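Undergrad: What follows is a structure written as structure tokens; I'll ask about it next.
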Amino acid sequence: MVKFPTPYTVQTRKRVLGEPDKYGEREESWSPPVDQKVYGWAPPGVEDELFSANRDAVIQDLDVYAPPEFEVFPDDQMIILGETFRVLGGMRDFDNGPFGFKPGRVIRIKRVEELG
Numbered sequence: 294m295v296k297f298p299t300p301y302t303v304q305t306r307k308r309v310l311g312e313p314d315k316y317g318e319r320e321e322s323w324s325p326p327v328d329q330k331v332y333g334w335a336p337p338g339v340e341d342e343l344f345s346a347n348r349d350a351v352i353q354d355l356d357v358y359a360p361p362e363f364e365v366f367p368d369d370q371m372i373i374l375g376e377t378f379r380v381l382g383g384m385r386d387f388d389n390g391p392f393g394f395k396p397g398r399v400i401r402i403k404r405v406e407e408l409g
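Residue numbers (my numbering): 294 to 409.
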């Protein structure tokens, strides 16, 4: 089986929920970052700008291309080039084709930057 190069390193942080408080709310935190190797990343489309009466923000989505052994879950964090993104949904798995080819996964991540 051909092994593709993984020239880039990203950091992932697992989402951790604390014990429920007296209102049933659980505090959200993240584990220390772990380095993981990836093939690369790219925007899935045009960067969106969101403007409303109460909010100015730039929203940036990326697709991260990762090998089969990459591990991440929805709502975990991924740090790329110093920017922190949130993992959206599950990984798209492309390893189940008819010929045993296992290229890996695609993970959609999102970052929202408040402008003012």
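Note that CB positions come from ideal geometry on N, CA and C, so glycine has one too.
Computed from a predicted model, the values in this text were never measured in an experiment.
1. Near V244, what residues of its chain come up, given a Cβ to Cβ distance below 8 Å and the 5 sequence neighbours on each side ignored?
2. How would you label P398, buried or exposed, when you count the other beta carbons within 10 angstroms and need 16 or more for buried?
3. For the beta strand (DSSP E) that contains S322, what are its first and last residues?
4. Which residue spans inside the stretch 356-403 form an unbroken beta strand (DSSP E) run of at least 3?
5. Give me the Cα-Cα distance between I402 and P396, rounded to the nearest whole angstrom.
6. Go ahead and pull the three-state DSSP assignment for D275.
7. Rounded C-beta distance between R379 and D368? I'm assuming under 8 Å.
8. Which first and last residues belong to the beta strand (DSSP E) in which Y301 is found?
9. How long is the line joining the alpha carbons of R308 and E321, rounded to whole angstroms?
10. If you draw a straight line from the C-alpha of Q329 to the C-alpha of N389, how long is it?
TA: Walking through what the data contain:
1. Since the first residue shown for the chain is 294 and the last is 409, residue 244 is missing from the structure and cannot be characterised.
2. The displayed chain sequence assigns Arg, not Pro, to residue 398. That one is buried.
3. S322 -> beta strand (DSSP E) spans 319-323.
4. The beta strand (DSSP E) runs lying completely inside the stretch 356-403 and spanning 3 residues or more are 370-373, 376-386, given in chain order.
5. Each residue's alpha carbon lies about 19 Å from the other.
6. What the structure shows of the chain is the stretch from 294 to 409, and residue 275 is not part of that stretch, so it cannot be assessed.
7. D368 and R379 do touch by the CB rule: their CB atoms are close to 6 Å apart, below 8 Å.
8. Per DSSP, Y301 belongs to the beta strand (DSSP E) from 301-306.
9. Between R308 and E321, the C-alpha separation is close to 7 Å.
10. Each residue's alpha carbon lies about 22 Å from the other.
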